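In the numbering used here, the protein residues as written are 119 to 217.
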């Protein structure tokens, strides 16, 4: 009996320590944020991108992404993803306009 309690504690304590120190994933993080960081901020500041939110319409964002594709490494499926993100964002959206 004592041995089984000892083995249980020996197993449970390290596991509980690991689980307690595992970083929590934010389930509410906007999926657009990593796309903007990965594909837009290599050339532009977040301030510049943020200023364009709410000002550019869908056609302007398409033109911007077409130009980005000419200069950088962004494929067509990714262009569509970024377009879907940025064309629907409102001015000051926190996913893009982080302080």
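Backbone N, C-alpha and C define an ideal beta-carbon position, used for all residues, glycine too.
Nothing here was measured: the structure is a model prediction, and the numbers come from that model.
Residue i - DSSP class collapsed to helix/strand/coil
{"i": "residue 143", "result": "Unreliable placement is indicated for residue 143, whose pLDDT of 47 sits below 50; the coordinate value is still reported in the next sentence. In this structure, residue 143 counts as coil in the three-state DSSP scheme."}
{"i": "residue 171", "result": "coil"}
{"i": "residue 150", "result": "helix"}
{"i": "residue 176", "result": "helix"}
{"i": "residue 209", "result": "coil"}
{"i": "residue 216", "result": "coil"}
{"i": "residue 203", "result": "helix"}
{"i": "residue 163", "result": "coil"}
Anticipated Cβ contact below 8 Å, residue i with residue j, distance rounded
{"i": "residue 185", "j": "residue 157", "result": "Contact doesn't hold; Cβ gap of about 13 Å is too wide."}
{"i": "residue 210", "j": "residue 161", "result": "Rounded, the Cβ-Cβ distance is 22 Å, inconsistent with contact."}
Residue nearest to residue i in terms of C-alpha spacing, selected from the options
{"i": "residue 202", "options": "177, 166, 160", "result": "177"}
{"i": "residue 208", "options": "190, 193, 174, 192", "result": "174"}
Under 8 Å between C-beta atoms of residue i and residue j
{"i": "residue 151", "j": "residue 213", "result": "yes"}
{"i": "residue 204", "j": "residue 179", "result": "yes"}
{"i": "residue 183", "j": "residue 200", "result": "yes"}
Cβ neighbours of residue i in the same chain (closer than 7 Å, five flanking residues each side left out)
{"i": "residue 216", "result": "164"}
{"i": "residue 187", "result": "197"}
{"i": "residue 172", "result": "208, 209"}
Within-8 Å CB hit, residue i to chain B
{"i": "residue 168", "result": "Absence of chain B from the displayed structure is noted, only one protein chain being present."}
Close beta carbons around residue i, own chain, < 8 Å, minus the five adjacent residues each side
{"i": "residue 190", "result": "157, 160, 161"}
{"i": "residue 149", "result": "203"}
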